[in-house]
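Participant:
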Amino acid sequence: MKKLLVLPVFAIALMGCGSEYDELIDGAISNHHEWSDVDQEREIRENAEIMIWDDGRYISAVFFDEDGSEIGDFVMEHARGNFTEELADVERMRENADVDYRERFGEEID
Numbered sequence: 011m012k013k014l015l016v017l018p019v020f021a022i023a024l025m026g027c028g029s030e031y032d033e034l035i036d037g038a039i040s041n042h043h044e045w046s047d048v049d050q051e052r053e054i055r056e057n058a059e060i061m062i063w064d065d066g067r068y069i070s071a072v073f074f075d076e077d078g079s080e081i082g083d084f085v086m087e088h089a090r091g092n093f094t095e096e097l098a099d100v101e102r103m104r105e106n107a108d109v110d111y112r113e114r115f116g117e118e119i120d
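Now the structure itself:
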């Protein structure tokens, strides 16, 4: 009987295991102006490399097409609930970032 109780508890725990940054990533992507005309059927996060650093203050995404070619990118600053697109040297920002979270094509990577 105890074994039967462990399975549902374990399953519920697994369902709750998502990225703590999911809401932040989705917010940054929806605020990115270039994606306003993109077909909503396309899975944006499944075709992107995403980095978060400075405890969620900065979110970077690089988007790829079906052939694996880069088709767009952004770096957003998240402060006080607002997103602002960074227009400075974003490559340098990414290179110098002490990354808190990274995912590629929808999967978290180290």
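Everything in the sequence shown is counted per the numbering used here, starting at 11 for the first residue and increasing by one. We treat Cβ as the ideally placed atom computed from N, Cα and C, and that holds for glycine.
Which stretch, first to last residue, makes up the beta strand (DSSP E) that contains residue 71?
Facilitator: Note, residue 71: beta strand (DSSP E), 68 to 74.
Participant: Look at the alpha carbon of residue 74 and the alpha carbon of residue 88, and state the distance between them as a whole number of angstroms.
Facilitator: The straight-line gap from Cα to Cα measures roughly 23 angstroms.
Participant: State buried or exposed for residue 97, treating a residue as buried only when at least 16 other CB atoms are found within 10 Å of its CB.
Facilitator: Classification of residue 97: exposed, given that the 10 Å Cβ count is below 16.
Participant: Check residue 58 in the structure and name its three-state DSSP category.
Facilitator: Strand, per DSSP.
Participant: Is the Cβ-Cβ distance between residue 112 and residue 99 less than 9 angstroms?
Facilitator: Taking 9 angstroms as the Cβ cut-off, residue 112 and residue 99 do not qualify as a contacting pair.
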